[in-house]
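Participant: The structure's right below; bear with me while I get my questions together.
In the numbering used here, the protein residues as written are 34 to 141.
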């Protein structure tokens with residue numbers, strides 16, 4: 034119920050905004066950390082070097098299923114980004130802002 038209430042399971046209203054649809058399964062992290070509303074998810078498809086240069090703890094992922102594009106990704110979670118990080122996008126890093134809380138299973 035919470036999944037559907039928070040927008041999961043139906044993205045029809047977002048369909049017109051989706052221009053590049055890829056689905057992948059990655060290995061490298063068993064359970065990804067929660068990204069809180071005051072944090073950012075940083076993803077590079079090039080390498081983890083730029084993220085490491087800022088002192089972020091970088092996790093390496095590699096594609097094991099579905100589209101497998103890109104084959105590798107490097108991810109980090111940041112708090113407040115330093116002013117010097119404004120060039121991250123130019124270095125191929127995508128910066129994602131959480132849309133809501135992480136959905137979790139409440140199974141007993």
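For every residue, glycine included, the Cβ atom is placed at its ideal position computed from N, Cα and C.
With distances taken Cα to Cα, identify the nearest neighbour of residue 70 among 98, 112 and 80.
Facilitator: Nearest C-alpha to residue 70: 112.
Participant: Name, in chain order, the residues that DSSP records as bridge partners for residue 108.
Facilitator: In the DSSP output, where bridge partners are listed per residue, residue 108 has 76 and 92.
Participant: For residue 66, which option in 100, 90, 77 and 46 has the closest C-alpha, if you only look at C-alpha atoms?
Facilitator: Here the closest residue by C-alpha is 90.
Participant: Comparing C-alpha positions only, which one of 52, 84 and 136 sits nearest to residue 161?
Facilitator: This structure gives no information on residue 161, because the portion of the chain shown stretches from 34 to 141.
Participant: Would you tell me roughly how many angstroms separate the C-alpha atoms of residue 54 and residue 76, rounded to the nearest one?
Facilitator: 17 Å
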